[in-house]
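Below is one structure, written out as structure tokens; the observations come after it.
Residue numbers (my numbering): 152 to 437.
Written out as structure tokens, the structure is:
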């Protein structure tokens, strides 16, 4: 494992969004770690050692995952991260609360989002196709990270996380900024009518047409739809008055070189999206 290249900023995605200088964020790819196939990096058409798998329950060697997590936190420059046991629900925890729960029980808390207004603690969500949503207020007083699969998205995980961030920041939700991380794209996300119906049922007045347009009849599989997860997330954010929304244009399924994908590979690793507050003067990546 020691012979593999170190994780660098070339191996991660840094969100391009207009946030306060103390707000730091990054999104991992499958590259820059120590995991072996099938959790490795994809190079020249083959799965090779060097994957940055961060999922403890993915089937990978726990020692490799622990080493990958250590690499990630070292790159970010944070000592503590609020790892979660994600359950595709809508529970939100404070990052400090998540750390206390994990220390007391020996396991991360079951939740799908975390928020904080404390510097030096990273909010973290893990994915293989679902969409992490990173949220910050305008002044950088508070941040949050939400794991938005279709179930959590339909249950309101984004709106509730945004409300918690706004509450911590002492401002309005409409002043928030959001970044939609790479996820399964609208050309790959095949769903049944139950998923479409769940979103149509939850749509508020004025959203129904836009919600319906996020589901396109599958050209080959009758009765199935291709769903646009980023479009559905944008609708939920716009419901709150959030208009400064970046990202959402990268697909995990089609970009094998950079991203793990459960839908594509089944046995695969997990990536992470991190957001935290940093009162230091150094610019991320310097």
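Yeah, the Cβ is synthetic: ideal placement off N, Cα and C, and Gly gets one too.
Are residue i and residue j closer than 8 Å when you measure CB to CB?
i           : j           : result
residue 403 : residue 335 : yes
residue 235 : residue 258 : no
residue 337 : residue 377 : yes
residue 411 : residue 166 : no
residue 288 : residue 322 : yes
residue 355 : residue 301 : no
residue 324 : residue 367 : no
residue 135 : residue 418 : The question about residue 135 has no answer here: the residues shown for the chain are numbered 152 through 437.
residue 200 : residue 210 : no
residue 291 : residue 395 : no
residue 339 : residue 407 : no
residue 286 : residue 313 : yes
residue 439 : residue 298 : There is no way to answer for residue 439, as the model of the chain reaches only from 152 to 437.
Could you give the C-beta distance for residue i and residue j, rounded to a whole number, given that I count them as a contact under 8 Å?
i           : j           : result
residue 296 : residue 424 : 6 Å
residue 293 : residue 266 : 6 Å
residue 232 : residue 273 : 4 Å
residue 169 : residue 328 : 7 Å
residue 175 : residue 429 : 5 Å
residue 379 : residue 365 : 4 Å
residue 253 : residue 260 : 7 Å
residue 420 : residue 181 : 6 Å
residue 151 : residue 189 : Outside the shown range of the chain, which is 152 to 437, sits residue 151, and nothing can be said about it.
residue 381 : residue 399 : 3 Å
Would you list the one or two residues that DSSP bridges to residue i?
i           : result
residue 376 : 342, 368
residue 187 : Answer is none; residue 187 lacks a bridge partner.
residue 424 : 178, 276
residue 395 : 328
residue 284 : 297, 331
residue 389 : DSSP, once it has assigned bridges, lists no residue as partnering residue 389.
residue 270 : 428
residue 265 : 244, 296
residue 164 : 178
Closest Cβ-Cβ distance between residue i and chain D: below 8 Å?
i           : result
residue 193 : Note that chain D does not occur in the displayed structure, where there is just one protein chain.
Between the region 173–187 and the region 204–214, do three or more beta carbon pairs fall short of 8 Å? yes
To test your reading of the DSSP string, which unbroken alpha helix (DSSP H) runs of 4 or more residues are found completely within the region 192–259? 213–227, 246–256
Taking three-plus beta-carbon pairs below 8 Å as touching, is the region 235–242 in contact with the region 268–281? yes
Can you check the region 288–336 for any alpha helix (DSSP H) of at least 4 residues that lies completely inside it and give the ranges in chain order? 301–306, 308–320
Between the region 153–167 and the region 226–233, can you find at least three pairs of beta-carbon atoms closer than 8 Å? yes
Quick check: the region 241–256 against the region 384–393, are there 3 or more CB pairs under 8 Å? no
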